[in-house]
Amino acid sequence: MAAGILDGLNPAQRDAAATIEGPVLILAGPGSGKTRVLTQRIAYMLSEAQPRIDAYNILSVTFTNKAAREMKERTEKLLVKYLGQENSAAKRLTLGTFHSFCVRVLRQDANYIGLDRNFAIYDDDDQTALVKSSLNSLGLSDKQYSPRACLSMISSAKNTLQEPRQFREVAQTYFEEIAARVYERYQELLRTNRALDFDDLIGQTIRLLRENKEVLERYQERYRYIMVDEYQDTNHAQYQLIHALADKYQNLCVVGDENQSIYGWRAADIRNILNFESDYPQAKVIALEQNYRSTQTILDAATAIIAANTQRKDKALWTENESGRPIQVFEAYNEMEEANYVVGEIDRLQVRGEFKPKDVAVLYRTNAQSRALEEMFIRRGIPYQLIGGTRFYERKEVKDALAFLRLIQNPYDSISFTRIITNTPAGKGIGPRTLIDLSQWANQMSLPIYVALQLLQSQEADKQTRRNAGEPEESNEEDLLPPLNVAPKIRNALLDFVNLLEAFIRARGEMTLLELFDYVMEKSGYELSLRDGSEEGEERWHNVQELRTVCQEYNHMPGNDALPAFMEDVALVADVDKFNPDADAATLITLHAAKGLEFPVVFIVGLEEGILPHSRSLENENQLEEERRLLYVGITRAKNRLYLVYAFRRSLYGGQNIPTKPSRFLLDLPSQLVKGYQQAPTGSPHGGRGTGSRDTLWGTDVNRTNWGNTTKPAPAKPAALSKPATPTRPAATGNISLKFKAGEKVLHPKFGKGMVVSSRISGNDEEATVAFEGQGIKKLMVSLANLQKI
1 MAAGILDGLN PAQRDAAATI EGPVLILAGP GSGKTRVLTQ RIAYMLSEAQ
51 PRIDAYNILS VTFTNKAARE MKERTEKLLV KYLGQENSAA KRLTLGTFHS
101 FCVRVLRQDA NYIGLDRNFA IYDDDDQTAL VKSSLNSLGL SDKQYSPRAC
151 LSMISSAKNT LQEPRQFREV AQTYFEEIAA RVYERYQELL RTNRALDFDD
201 LIGQTIRLLR ENKEVLERYQ ERYRYIMVDE YQDTNHAQYQ LIHALADKYQ
251 NLCVVGDENQ SIYGWRAADI RNILNFESDY PQAKVIALEQ NYRSTQTILD
301 AATAIIAANT QRKDKALWTE NESGRPIQVF EAYNEMEEAN YVVGEIDRLQ
351 VRGEFKPKDV AVLYRTNAQS RALEEMFIRR GIPYQLIGGT RFYERKEVKD
401 ALAFLRLIQN PYDSISFTRI ITNTPAGKGI GPRTLIDLSQ WANQMSLPIY
451 VALQLLQSQE ADKQTRRNAG EPEESNEEDL LPPLNVAPKI RNALLDFVNL
501 LEAFIRARGE MTLLELFDYV MEKSGYELSL RDGSEEGEER WHNVQELRTV
551 CQEYNHMPGN DALPAFMEDV ALVADVDKFN PDADAATLIT LHAAKGLEFP
601 VVFIVGLEEG ILPHSRSLEN ENQLEEERRL LYVGITRAKN RLYLVYAFRR
651 SLYGGQNIPT KPSRFLLDLP SQLVKGYQQA PTGSPHGGRG TGSRDTLWGT
701 DVNRTNWGNT TKPAPAKPAA LSKPATPTRP AATGNISLKF KAGEKVLHPK
751 FGKGMVVSSR ISGNDEEATV AFEGQGIKKL MVSLANLQKI
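Okay, here's the thing in structure tokens:
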């Protein structure tokens with residue numbers, strides 16, 4: 001039976017699945033079959049472990065309901081297959097997300113800490129509304145103090161288990177002090193409403209276990225065997241929860257890969273996985289290093305990229321798959337040529353019958369980068385789907401900005417009018433009831449709302465004229481208009497709006513489209529409303545600025561001509577951008593959202609300083625290491641082909657088209673893994689220059705200067721990483737054997753500490769490619785290098 005349950009697992013996988021007692025750390029490299037190991041481990045525990053484990057005593061937690069469902073279904077199938085009948089054991093498992101587990105605990109025992117067990121769970125919109133109420137009850141303006149920014153600070157405090165009092169004590173800025181006061185009031189309102197937010201689900205469970213010893217012991221007795229997937233993504237609160245539950249029996253198995261820890265901005269703490277052996281000194285560490293997904297070339301590239309990180313454990317990825325083609329590095333002139341190259345290459349692969357569009361993923365760092373790509377897919381007629389985000393022209397902030405321009409072009413557009421009034425500061429003071437009254441009033445006169453407002457504006461101007469002349473305000477001409485029964489304050493808000501709109505319409509004939517766009521965003525107050533101090537606000541503003549980049553393309557035309565041309569093109573994108581989600585389509589997705597997925601062909605675009613690595617990370621070493629891990633994740637999504645693309649110039653976030661620097665991470669790629677070229681468009685400013693002409697940006701390493709020169713010989717085939725179980729590979733000539741293998745740490749008298757990326761026989765010597773700390777990648781002849789293992 002045991003052989004059947006664990007059948008097909010490699011030695012490391014089998015060891016991980018069969019090690020049940022005590023703390024276990026499974027370091028699962030990308031594509032190493034960790035889901036299979038987890039499901040077969042559970043099946044083994046339930047059927048063949050000695051002694052056999054009761055499903056009632058097993059807790060398995062992960063981060064998504066989808067992953068939990070998949071694990072449970074696969075476990076049930078395994079039990080049915082090997083036990084020969086329907087087995088109820090899987091149904092007694094506690095298997096789900098951290099939040100679902102905590103809800104289960106609190107529904108049963110929340111009364112121990114004075115909470116109603118029938119508590120409501122507030123989602124993001126509910127939380128934002130409650131923060132607004134908290135601000136208002138404290139006499140603070142939710143316009144001056146962003147509810148989203150306050151909520152972000154409250155969430156961060158809860159993820160580190162800080163109560164309002166503790167958060168107030170460590171507050172350093174005025175806004176943090178405001179957030180602390182809001183936090184306290186927010187918690188009071190939650191209690192009044194008998195509700196918990198998502199962060200409370202974990203925080204209150206920890207409180208329950210800490211304050212009630214008998215409850216803690218009951219759960220420790222029940223959950224004697226605990227498994228945690230994606231352990232590198234746990235935050236401090238989740239760490240404390242698991243640590244408390246596992247403290248008695250220590251049968252804790254965590255699975256993860258510190259090299260794929262990419263959610264620090266969501267409070268994930270990489271130290272949880274790095275310090276596991278310190279937390280549990282008796283832990284058994286099992287590395288799953290055999291990859292079933294990618295070619296060896298792709299794995300070697302990933303290893304070279306991540307080698308520079310200090311927050312990592314030693315792993316050497318290897319595969320029995322073929323070596324594969326070199327990685328294609330391409331320098332485009334700008335983001336439009338970048339998109340044209342990507343879509344053109346996908347088209348070429350499709351025409352040659354090598355891959356279908358559904359086999360391809362295009363990965364990028366920020367959502368705003370999808371705009372140029374989406375437009376190019378539409379122009380070239382290649383289907384695509386956008387995952388992990390809203391389509392660029394369907395994003396709320398982009399739609400809001402476009403509504404202003406649509407209304408300037410056509411002030412009779414009631415849909416855009418309503419959108420602006422509802423979603424932007426330009427409609428301040430005009431509520432839903434007023435919109436209904438205004439629409440009914442205009443309908444009485446059979447007039448568009450804009451014309452009706454112009455009549456109201458004229459009426460008020462006549463009144464002011466009569467007041468200035470000392471005449472009665474009333475006039476028989478007013479009888480021509482039916483009464484608009486709104487308060488004076490609302491009437492003034494309507495007049496302010498129509499005055500603002502007419503100022504925009506006048507500016508259209510006096511400004512370029514770009515100037516008009518900037519003028520509207522500023523005068524309407526929309527820029528200020530988006531840039532509320534939160535990261536989400538800055539992301540939304542970046543998307544609006546990406547729309548500004550599109551406006552630049554029409555800047556050579558007079559304003560009156562540019563606006564309709566722009567609106568026509570945008571409307572075409574918005575209307576054509578519809579497809580069957582089940583159709584054969586390429587995938588556009590952020591690097592963060594791509595984690596856990598795999599594709600035969602992967603393009604990673606925007607590999608430039610300030611994008612990847614992101615500008616926010618450049619002054620922080622920990623954040624810079626996370627950016628490197630993000631690229632590592634992207635590279636290891638690829639199965640067969642990998643393309644790395646960057647632009648010579650880029651207009652991003654509405655900025656000018658300026659020169660860029662290629663990402664520093666590209667310098668870590670060994671030259672023998674890379675095939676590089678660039679195809680300059682005819683008449684482009686950088687003409688036919690090769691990539692190598694950027695030596696001032698890339699350094700003078702000869703390996704880089706050859707990338708852009710297509711007349712050079714093809715790069716040598718990459719040397720595959722050695723399998724861990726194989727001490728040396730046979731010599732190509734004579735009796736020479738390899739002294740070094742990928743992943744080994746070494747010391748050089750000149751270059752210092754480094755890690756071996758690859759090693760191969762060269763003539764009668766061994767050539768080692770080593771990534772040295774602060775020195776880059778060097779190729780050394782072993783007989784001359786005095787290279788020592790450390």
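The UniProt record's numbering puts the first residue of the sequence shown at 1, with every later residue one more than the last. A virtual CB, placed ideally from N, CA and C, is assigned to each residue, including glycine.
Query	Result
Could you tell me the distance, in whole angstroms, from the CA atom of K745 to the CA atom of M755?	4 Å
Mapping the DSSP letters down to three states, classify V103 as helix, strand or coil.	helix
By the three-class DSSP mapping on this structure, what secondary structure does A771 have?	strand
To the nearest whole angstrom, what separates the beta carbons of Y643 and E345, a pair I think is in contact under 8 Å?	7 Å
Cutting at 6 Å between CB atoms, please list the residues of its own chain near G537, excluding the five before and the five after it.	L530, R531
Work out the CA separation of N111 and N251 for me, nearest whole Å.	29 Å
Compute the Euclidean distance between the alpha carbons of N57 and F101, then round it to the nearest angstrom.	14 Å
CA-CA distance, E553 and Q623?	35 Å
Residues in its own chain within less than 7 Å of A585 by CB, not counting five upstream and five downstream?	P357, K358, P383, Y384, Q385, F579
Which class does residue 846 belong to by DSSP, given the choice of helix, strand or coil?	One cannot answer for residue 846 here, as it falls past the ends of the chain, which runs 1 to 790.
For Q290, does the three-state DSSP call read helix, strand or coil?	strand
What residue range is occupied by the uninterrupted alpha helix (DSSP H) comprising D437?	432-444
Got a sec? Which residues, its chain only, sit under 6 Å from T636 by beta carbon, not counting five neighbours each side?	P30, A302
Could you check what DSSP says for T97 in three-state terms: helix, strand or coil?	strand
Just tell me which of R293, E375, L274 has its CA closest to the CA of Q311.	L274
Taking its Cβ as the centre, do 16 or more other Cβ atoms sit within 10 Å of P326, making it buried, or is it exposed?	buried
Under a CB-based cut-off of 9 Å, is R52 close to chain C?	Of the chains in the structure shown, none is chain C; there is only one protein chain.
Are the beta-carbon atoms of P411 and T422 separated by less than 9 Å?	no
Looking only at its chain, what residues have a beta carbon closer than 7 Å to the beta carbon of Q187, apart from the 5 residues adjacent to it on each side?	P164
In or out: S759 buried (at least 16 other Cβ within 10 Å) or exposed?	buried
Give the secondary structure of N640 by DSSP, where H, G and I count as helix, E and B as strand, and everything else as coil.	strand
Cutting at 7 Å between CB atoms, please list the residues of its own chain near A18, excluding the five before and the five after it.	L6, Y44
At a threshold of 8 Å, does E230 count as lining the ligand NAP (C-beta to nearest heavy atom)?	You won't find the ligand NAP in this model; it holds no ligand whatsoever.
Going by DSSP, what residue range makes up the beta strand (DSSP E) through R256?	In the sequence as displayed, the identity of residue 256 is Gly instead of Arg. Segment 252-256, the beta strand (DSSP E) holding G256.
Alpha carbon to alpha carbon, how far is A361 from R266?	25 Å
Let me check one thing: in DSSP terms, what residues is T62 bridge-paired to?	T97
Once DSSP output is grouped into helix, strand and coil, what is the label at S152?	helix
For I415, does the count of other Cβ atoms within 10 angstroms reach 16, so buried, or fall short, so exposed?	exposed
Measuring alpha carbon to alpha carbon, tell me which residue in A180, R148, E625, Y174 is nearest A157.	A180
Classify Q290: buried if its beta carbon has 16 or more other beta carbons within 10 angstroms, exposed otherwise.	buried
Using a 10 Å radius around the Cβ and a threshold of 16 neighbouring Cβ atoms, would you call P613 buried or exposed?	buried
In whole angstroms, what separates the C-alpha of L494 from that of R641?	58 Å
Of all the options D257, L59, P448, which has the alpha carbon lying nearest to the alpha carbon of G96?	L59
Can you say whether L784 is buried or exposed, counting buried as having 16 or more other CB atoms within 10 angstroms of its CB?	exposed
Rounded to whole angstroms, how far is the Cβ of E227 from the Cβ of Q409, which I believe are closer than 8 Å?	According to the sequence shown, residue 227 is Met rather than Glu. Not confirmed; about 59 Å, so no contact.
Determine, using beta carbons only, whether L288 and S32 come nearer to each other than 9 Å.	yes
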